[in-house]
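Report on the structure given below.
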Amino acid sequence: MKISNIQRFKRLSTMVAGVFTVITFLLPNQVLADGGGDFKAKCASCHQPHKNSTGPKLFQVRTKWATGGAKEGSIYQWVNNWQTAAANDPYAADVSKWSATAMSAFPDLSKEQINGIMDWIDMQPDPAATTTGDPTQVGGDPSATEEEGSFSWIWLVIGVIFIIIILAVGGVRRQLKHVTSEEELVEKLTYGEELRAMAWKYRLWVGLGSLVLLLSVLVTVMQGLGRINVVENYQPSQPIVFPHDRHAGANGIDCKYCHNSVAKSKSASLPSVNVCMNCHKQINGEGKPFADQIKKIYAAAGWDPAGAGKYTGKTKPIVWNKVHVLPDHVYFNHSQHVVVGGVDCKQCHGDMTKMNEAVKVQPVEELNKIEGNIKLSRPTLTMGWCIECHAAKDVPLGNGKNAYYDEIHRRLKDNDKTLYRKYLKDGKVTVSELGGWECAKCHY
Ligand code: HEC
Ligand code: HEC
Ligand code: HEC
Ligand code: HEC
Ligand code: HEC
Ligand code: HEC
């Protein structure tokens with residue numbers, strides 16, 4: 040007996056559905072290997088699997104060390120504290136000369152965690168080498184792995200829809216047979232005709248199936264957008280544990296002393312080591328538990344505190360890991376918010392005068408606890424968070440404090456009274472009413 044098109048289609052679909060199911064089961068394990076999370080949180084700011092950046096590429100670095108003659112276990116010591124490793128192992132000492140930048144220390148990473156990170160790295164395909172669109176291998180870009188949870192979910196939905204279609208096809212074939220009672224007719228129909236007949240006969244199913252598919256895709260996209268880059272609580276380890284409370288709190292140093300461009304430009308900037316030296320040349324922490332930290336400042340500045348004290352000229356800049364990071368396509372301007380908008384640092388960063396550990400991205404619940412803050416609900420640094428505040432925060436119009444706003448106020452009052460009255464319905468003119476919701480204001 041000859042195989043009809045429909046039968047061939049059925050077999051093919053069963054095979055495809057099988058493959059999809061296997062992928063659905065494999066994907067979470069491959070993607071959720073916990074090394075990826077640690078890598079992104081702690082190493083990705085300086086390392087990439089396949090490309091040198093601030094630090095060298097890490098693909099199969101364990102093999103590299105083993106074959107290069109490093110001492111056993113020395114690579115784990117390196118990650119915990121490169122200085123100890125460099126002191127104990129000549130191979131590690133060589134590696135430390137790779138660049139003028141020093142790697143941060145990660146004393147709390149266990150050997151298992153480090154192996155987890157490296158296993159994850161070794162699983163990443165080289166984007167330059169692989170061009171196949173294998174859906175299980177999207178992990179090459181560290182930022183892409185965030186969404187894989189919903190990614191595998193969508194495969195499941197597609198799988199289910201496939202099964203519905205297969206069942207429907209089976210039904211059509213039975214129907215056709217029943218109508219004609221002749222095997223030949225099935226063979227005479229072309230593939231397209233059969234498919235059309237099936238689609239029409241089962242229009243309800245096909246319609247429902249397409250609707251479900253469409254809705255699932257939409258929901259996934261929306262969920263994905265909502266979760267992109269949710270980085271609340273992100274607290275990268277820093278080369279020096281810099282306590283804000285000691286500086287901005289107890290000693291009352293103004294934020295602008297160190298973040299000196301915050302009121303003048305887009306970015307707030309971090310202080311150079313010279314700023315630290317203004318005070319720490321004297322405050323050397325001798326006999327205090329934090330003496331080691333101050334020694335790191337001296338090493339970075341190339342300052343020799345012994346004897347007369349002088350600069351040696353051998354500097355190694357402190358590489359702070361960036362805590363608050365927006366994607367490249369977003370425009371955010373500090374001076375606009377701090378000066379023009381009159382928004383306090385606390386609103387977005389929490390009370391830094393009480394921060395006694397490394398800086399982290401404060402979750403929105405913590406920010407809401409601070410007195411005077413506008414209460415928001417979306418995760419800090421997400422688009423929803425920006426938008427929500429722009430809808431809630433009013434801009435101080437026409438109070439004579441800001442020429443730009445006074446001019447807007449005058450034009451609204453004189454030229455566009457209806458708009459002005461509409462704006463003032465809730466008693467205030469918000470950022471969004473002045474255009475703070477326009478995509479192009481925040482997106483390049
Ligand atoms: C602040 C930047 C920075 C961070 C964060 C960082 N590294 Fe490094 N890493 C470096 C630099 C720079 C080197 C090269 C050595 C040097 O120049 O001192 C290096 C070297 C290495 C090496 C040796 C590479 C080789 O080719 O032999 C390993 C392994 C390594 N890092 C692992 C890690 C791991 C694991 C993490 C995360 C837990 C991490 N690093 C985080 C900057 C960093
Ligand atoms: C004595 C210098 C100094 C003062 C004063 C100071 N900071 Fe900082 N700040 C730093 C250093 C150094 C870092 C980088 C270390 C870190 O991120 O832990 C930093 C980091 C930050 C970050 C995180 C930057 C990032 O990477 O996203 C924020 C936010 C911040 N400071 C806010 C403030 C605020 C608000 C004040 C005032 C209440 C303040 N700082 C006062 C030195 C200072
Ligand atoms: C409206 C919210 C908001 C306010 C108010 C705000 N910041 Fe920021 N801050 C951010 C965002 C968002 C980033 C991340 C910027 C990026 O990645 O481009 C950031 C980043 C930083 C950084 C890291 C360096 C940089 O510029 O990327 C420092 C330091 C900082 N802020 C300090 C301050 C200080 C000090 C104040 C108060 C004078 C302040 N911020 C007020 C939202 C805010
Ligand atoms: C305006 C003066 C001043 C500047 C500038 C300054 N510090 Fe300090 N720092 C202090 C004082 C005061 C202390 C507290 C000393 C004490 O508690 O005995 C301190 C303490 C510290 C400590 C130890 C805190 C602890 O308890 O663990 C570290 C680490 C430190 N500073 C790092 C830095 C770094 C890094 C910079 C540059 C970004 C910097 N400081 C800039 C005045 C300053
Ligand atoms: C706590 C409230 C608050 C948050 C959170 C906030 N903003 Fe704003 N934003 C303001 C205020 C107030 C202004 C008004 C300043 C002005 O009109 O120039 C403003 C103005 C702006 C403007 C200029 C709008 C215009 O009409 O010219 C841009 C762009 C902007 N914000 C981007 C962002 C981005 C991106 C984020 C999130 C990362 C963000 N904002 C988060 C309060 C906020
Ligand atoms: C007040 C500032 C602001 C406005 C207005 C705004 N966005 Fe965004 N948008 C952001 C921020 C911040 C992010 C990054 C969020 C994150 O990383 O979680 C973002 C992310 C996105 C992304 C996700 C891109 C990605 O893959 O990272 C898309 C798409 C997007 N915005 C589209 C829009 C559109 C369309 C509009 C106009 C209707 C708009 N945005 C208006 C601040 C804004």
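Numbering (the working numbering), first residue to last: 40 to 483. Don't be surprised by glycine CBs; every beta carbon is placed ideally from N, CA and C. From a predicted model like this one, the values you see are computed outputs, not experimental measurements.
Between the alpha carbons of residue i and residue j, how many angstroms are there, rounded?
{"i": "N454", "j": "K90", "result": "57 Å"}
{"i": "M391", "j": "Q116", "result": "33 Å"}
{"i": "L195", "j": "K103", "result": "39 Å"}
{"i": "I200", "j": "A83", "result": "38 Å"}
{"i": "I202", "j": "W239", "result": "18 Å"}
{"i": "D331", "j": "K303", "result": "35 Å"}
{"i": "L409", "j": "K385", "result": "For the sequence presented, residue 409 should be read as Ile rather than Leu. Straight-line Cα distance between these residues: approximately 8 Å."}
{"i": "Q99", "j": "S113", "result": "15 Å"}
{"i": "K327", "j": "V470", "result": "49 Å"}
{"i": "D242", "j": "T259", "result": "Note that residue 242 is Arg in the sequence shown, not Asp. Computed Cα separation, rounded: 25 Å."}
{"i": "L451", "j": "Y296", "result": "39 Å"}
{"i": "D343", "j": "Y337", "result": "7 Å"}
{"i": "F371", "j": "K305", "result": "7 Å"}
{"i": "N407", "j": "N154", "result": "39 Å"}
{"i": "G348", "j": "P95", "result": "35 Å"}
{"i": "D465", "j": "A442", "result": "24 Å"}
{"i": "T123", "j": "D383", "result": "42 Å"}
{"i": "L309", "j": "Q375", "result": "18 Å"}
{"i": "Y273", "j": "T106", "result": "36 Å"}
{"i": "N290", "j": "K150", "result": "39 Å"}
{"i": "W244", "j": "P164", "result": "40 Å"}
{"i": "S416", "j": "E472", "result": "20 Å"}
{"i": "K456", "j": "D445", "result": "16 Å"}
{"i": "E111", "j": "V280", "result": "30 Å"}
Under 8 Å between the Cβ atoms of residue i and residue j?
{"i": "E490", "j": "P418", "result": "One cannot answer for residue 490 here, as it falls past the ends of the chain, which runs 40 to 483."}
{"i": "I156", "j": "P88", "result": "no"}
{"i": "G423", "j": "E405", "result": "no"}
{"i": "H298", "j": "V369", "result": "no"}
{"i": "L148", "j": "N119", "result": "yes"}
{"i": "K335", "j": "P278", "result": "yes"}
{"i": "V312", "j": "A345", "result": "no"}
{"i": "D158", "j": "G74", "result": "yes"}
{"i": "A307", "j": "V314", "result": "no"}
Using a Cβ-Cβ cutoff of less than 7 Å, which residues in the same chain neighbour residue i once the five nearest sequence positions on both sides are dropped?
{"i": "H363", "result": "V400, L420"}
{"i": "N68", "result": "Its pLDDT being 39, under 50, N68 is placed unreliably in this model, and the value from its coordinates should be taken loosely. Nothing meets the Cβ criterion."}
{"i": "K467", "result": "D433"}
{"i": "V76", "result": "For the sequence presented, residue 76 should be read as Gly rather than Val. Closer than 7 Å at Cβ, skipping near neighbours: no residue."}
{"i": "G108", "result": "Y130"}
{"i": "Y459", "result": "L451, K452"}
{"i": "W476", "result": "I426, H429"}
{"i": "A287", "result": "C294, M391, T392"}
{"i": "G474", "result": "K480"}
{"i": "D284", "result": "T392, K393, M394, N395"}
{"i": "I292", "result": "H286"}
Among residues of its own chain, excluding the 5 on either side of residue i, which ones have a beta-carbon nearer than 8 Å to its beta-carbon?
{"i": "T93", "result": "S84, C85, H86, S138, T140, V358"}
{"i": "S276", "result": "K81, S143, A144, F145, N360, A397"}
{"i": "P282", "result": "M394, N395, E396"}
{"i": "L252", "result": "V196, I197, I200"}
{"i": "L463", "result": "none"}
{"i": "I413", "result": "Q386, C428, A431, K432"}
{"i": "G380", "result": "K432, V434, V470"}
{"i": "Y373", "result": "Per the sequence shown, the amino acid found at residue 373 is His instead of Tyr. Contacts found: S300, V301, A302, S304, K305, S306, A307."}
Once you ignore the five residues that flank residue i on each side, which residues in its own chain have a CB closer than 6 Å to its CB?
{"i": "G324", "result": "A330, I333"}
{"i": "A207", "result": "Y241, W244"}
{"i": "L436", "result": "Y444, H448, V468"}
Report the residue ranges of all beta strand (DSSP E) runs contained in full by the segment 72–119; include only those spanning at least 3 residues, in chain order. none
Would you check if the segment 341–356 and the segment 234–253 touch, i.e. whether three or more CB-CB distances between them fall below 8 Å? no
Ranges of the alpha helix (DSSP H) found wholly within the segment 431–463, counting only runs of at least 4: 442–454, 456–462
Residue ranges of each alpha helix (DSSP H) within the segment 276–302, 4 or longer: 294–297
Report the residue ranges of all beta strand (DSSP E) runs contained in full by the segment 391–423; include only those spanning at least 3 residues, in chain order. none
My parser needs the alpha helix (DSSP H) runs of 4 or more residues fully inside the segment 128–168; what are they? 129–134, 150–162
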